[in-house]
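Shown next, in structure tokens, is the structure this report addresses.
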Amino acid sequence: MALWPFERAQLNTVSEALEIAEDKTGNHFKLSTVQWKRHRYDVRTLSNLEPSQIVHHAFAFLDRGVRAPDEIGSPRLKREYYFICLQDHRILEALNRDREMRLLPLLVYIFTHELIHIIRFGSFLQRFEISGKDREKEEEVVHGITHQVLKDLTLPRLEHVLDSYRFHRIGEVD
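Under this note's numbering, residues 22 to 195 are what the sequence shown spells out, in order.
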């Protein structure tokens, strides 16, 4: 399988989509700026992924690690950190497969989905390490919340994305 990374213009769309998703997700959960900062995460695209972070079954997945805080004067304690690992090649395949799909609304959906996971894990509503039926149930819950968060957002082709994943609760977006 060919691994195509995002091009420069597409990386700008990644940034725009993340900003929209952060805003909508934060509003849904009524998070202040301080509360958002407690949920530490970073976004990695294909060109920045480790080989173990490249998958062929999802548009994105969360990896968890630790990082030392970057703030000046903070203690040198390592803190839990999430990495949203975008699978550029899978996202681009979906765009090629479905001519009605557009990059911005698809990325907004993906980021919103992953940010909801991060909030749920960080708020202890769900454990990060789950598998089997528990993982399937978590995906159903998060897909449902993602739809709730985005259903009133006016964005060209977003309705197509929401319709495409309305009954598809597990698999594509992990």
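For each residue, glycine too, the CB sits at the ideal point set by N, CA and C.
Secondary structure note for Tyr-186: it is in no alpha helix (DSSP H), with a DSSP letter that is neither H nor E. By the Cβ criterion, the stretch 118–135 is in contact with the stretch 41–50, since at least three pairs of Cβ atoms, one from each stretch, lie closer than 8 Å. Leaving aside the five residues that flank His-49 on each side, the residues in its chain whose CB is nearer than 8 Å to its CB run, in chain order, Ile-166, Gln-169 and Val-170. Per DSSP, the unbroken alpha helix (DSSP H) holding Val-35 starts and ends at 29–50. Excluding its 5 nearest sequence neighbours in each direction, Val-163 has C-beta neighbours in its own chain below 8 Å: His-134, Ile-137, His-138 and Arg-141, listed in chain order. For Arg-65, the uninterrupted beta strand (DSSP E) segment begins and ends at 62–65. Cβ-Cβ separation between Gln-108 and Val-76: approximately 6 Å, consistent with a contact (criterion under 8 Å). Annotation for Leu-116: Met-122, Arg-123, Leu-124 and Leu-127 place their beta carbon closer than 8 Å to its own, counting only its chain and skipping 5 residues before and after. Here Arg-85 is bridged, per DSSP, to Tyr-103.
Straight across, the Cα-Cα distance linking Tyr-102 with Arg-61 is about 5 Å. Around the C-beta of Val-55, fewer than 16 other C-beta atoms lie within 10 Å, and the residue is accordingly described as exposed.
For Ile-131, the uninterrupted alpha helix (DSSP H) segment begins and ends at 124–143. In this structure Gln-74 touches Arg-65 by the C-beta definition: roughly 7 Å separates them, less than 8 Å. Taking C-beta atoms as the reference points, Trp-25 and Leu-67 count as a pair closer than 9 Å. Counting only residues of its own chain and dropping the five nearest sequence neighbours on each side, Leu-176 has a CB closer than 8 Å to the CB of Ile-41, Leu-125, Pro-126 and Val-129.
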